[in-house]
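Chains as they are written, first to last, in my numbering: chain A, 165 to 432; chain B, 78 to 371.
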């Protein structure tokens, strides 16, 4: 290969010289891109022990059924995370708490403590469920919305906030609760790591293009993608009826879904 | 190979196809891997390869993912599917979903079966997944064929497959003091799918891994009740209770007994490796099961 030739990662658009693995998201570059006939791209199946660099720190993904994300933090660098996702850490890693509106968050069943871990040292994370790690390098100027309780960790240069989902129908039936986590990068790039239950798929919607998904399956979306709950009436004859809700996502932008979802409003 | 030059008979679904690639076009099972049969005679059903494609008349589907696979259908105009409403993962807005009438709603409610069955008609794309780790099994049904599926296993079927639900006939009569109760270890009902006139496709979800075996005439195998996936209608079922040798029969020793589902051939049965807990209702079993005291 030409020493100046770059391989563009089809998952994160990072430019690489290593032909086997993307340096930015860990996606294997020497395997076929898995895209269904309907246009969904599978999240890259990260090889066991895949290493990714961000800033001066590194991230290693370990295991495949319930993967662990291990961070080797450089001095003066930090990551933040929901506190119950922490698996282990070295005793030298200091922890602090991000300043959030705790009572308001806990009232709406969001974790009211987002914890910060600083380097140098090692710290590891996992979610307590079968699934995939989704590594999303955020280029400068990106805004990404993530469903509640799906975010595993983000690097210190990523700004974190949460946005209220608009519309009563969306809150009650959209499957994402009342809030979405929002991650924003301004001048510098950052790293966002999510955990998807089951398998994870992504597609890019064109302006005005829409797709209807099981509300509990929505994992993340670009902030430019709109979300609206839509009802399908179901009747049980003389025993009355109910409604089934789907979330309509309308482009432009990326949407990610998970195949193992939290089913809402079913009771089955 | 069977059925002429270039013909391939799938060992898992028995469908014959011509010019098969790496996967069986009828069920998606890999066609280029060695059969895995246990020493005890169970044939392991191999998971469909990621992005395996299955043809079903003018429509097709892809199995996507490996841990919690998605069945992604491309429906031709006029082709249709039916499914319990909680299996739907996503759909194109153009695919219309309507409710399918089901007789006996009250009985289904009382039995804990899904009450709402939905219909989707092409053209368009629609996808399904079950909210659990496991395998999506495609069962092609030739005209005249039928299969009995344990409740809550069914994912989706094509319109050419007829659906009915019938009593499982598997029960335990339990005496607790002066009260006598009936318990249904595999549920009160089973789903029966058959293809009366034209071939069709049925998809079920197996928790964990799945295994299939052919039972000979009169051959019996004991399985955990909740491990049953499906069986051919020719296979009969009953409950069987075993008690270890050291166990007495006083009222407090019922927890030491084993509740088995006895499956008797001839015919094919399939089980799953993740089965959940089989609830023993306790009390004295006074009917519905044969018993073995070791």
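Ideal placement from N, C-alpha and C gives every residue a C-beta, glycine not left out. Since this is a predicted model, take the numbers as computed values, not measurements.
In this structure, DSSP gives residue 303 of chain A a state outside helix and strand, which the three-state scheme calls coil. Pairing residue 272 of chain B with residue 220 of chain B gives a Cβ-Cβ distance under 7 Å. When C-beta distances to chain B are compared with 8 Å, the residues of the segment 360-379 of chain A below that value are 361, 362, 363, 365, 374, 375, 376, 377, 378, in chain order. By the criterion of at least three beta-carbon pairs nearer than 8 Å, the segment 145-155 of chain B is in contact with the segment 193-211 of chain B. Bounds of the beta strand (DSSP E) holding residue 291 of chain B are 287-292. Using a Cβ-Cβ cut-off of 7 Å, residue 425 of chain A counts as an interface residue toward chain B, since at least one Cβ of chain B sits closer than that to its own. Residue state for residue 185 of chain B is assigned as helix, using DSSP reduced to three classes.
The C-beta of residue 408 of chain A comes closer than 7 Å to at least one C-beta of chain B.
Residue pairing for residue 252 of chain A: DSSP places it in a beta bridge opposite A:288. The three-state reading of DSSP puts residue 319 of chain A in strand, counting E and B together. One Cα belongs to residue 217 of chain A, the other to residue 349 of chain B, and the distance between them is close to 41 Å. The distance from the Cβ of residue 248 of chain B to that of residue 359 of chain B is about 15 Å, inconsistent with a contact at the 8 Å cut-off. The Cβ of residue 294 of chain A sits closer than 7 Å to at least one Cβ of chain B. By the neighbour-count definition (other C-beta atoms within 10 Å, threshold 16), residue 154 of chain B is an exposed residue. In the displayed model, residue 380 of chain A falls within a helix according to three-state DSSP. Nearest Cα to residue 290 of chain B within the set B:266, B:300, B:178, B:256: B:300. At least 7 Å separates the CB of residue 306 of chain A from every CB of chain B. Residue 238 of chain B does not reach chain A, its nearest Cβ partner there being about 22 Å away, counting only Cβ pairs nearer than 7 Å. At least one C-beta of chain A is nearer than 7 Å to the C-beta of residue 168 of chain B. In the structure shown, residue 309 of chain B falls within a coil segment according to DSSP collapsed to helix, strand and coil. Contact with chain A is absent for residue 250 of chain B, since none of that chain's Cβ atoms lies less than 7 Å from the residue's Cβ. Nearest to residue 211 of chain B by C-alpha distance, out of B:168, B:170, B:230, B:109, is B:230.
Within the segment 348-395 of chain A, complete beta strand (DSSP E) segments of at least 3 residues are found at 354-361, 364-369, 374-377, 382-386, given in chain order. Nearest CB-CB separation between residue 177 of chain A and chain B: not below the 7 Å threshold. When the Cα atoms are used, residue 310 of chain B and residue 295 of chain B turn out to be separated by approximately 14 Å.
Taken atom to atom, the span from the alpha-carbon of residue 314 of chain A to that of residue 235 of chain A is near 18 Å.
For residue 221 of chain A, the nearest beta carbon of chain B is not closer than 7 Å to its own beta carbon. Here residue 325 of chain A carries a strand assignment [DSSP, helix/strand/coil]. Interface annotation, residue 165 of chain B: in contact with chain A, CB-CB separation under 7 Å. Excluding residues up to 5 positions away in sequence, 150, 151, 152, 153, 156, 199 lie with their Cβ nearer than 7 Å to the Cβ of residue 136 of chain B in the same chain. For residue 165 of chain B, the closest C-alpha among the options A:418, A:385, A:388, A:380 is that of A:380. Here residue 176 of chain A has 188, 189, 301 as same chain residues with Cβ atoms under 6 Å from its own Cβ, once five neighbours each way along the sequence are excluded. In terms of beta-carbon proximity, residue 284 of chain B stays away from the interface with chain A, with every pair separated by 7 Å or more. Here residue 397 of chain A is exposed, its C-beta having fewer than 16 other C-beta atoms within 10 Å.
The beta-carbon of residue 287 of chain B is placed no less than 7 Å from the nearest beta-carbon of chain A. Remark: three or more beta-carbon pairs, one from each stretch, lie closer than 8 Å, so the segment 406-414 of chain A and the segment 361-378 of chain A are flagged as touching.
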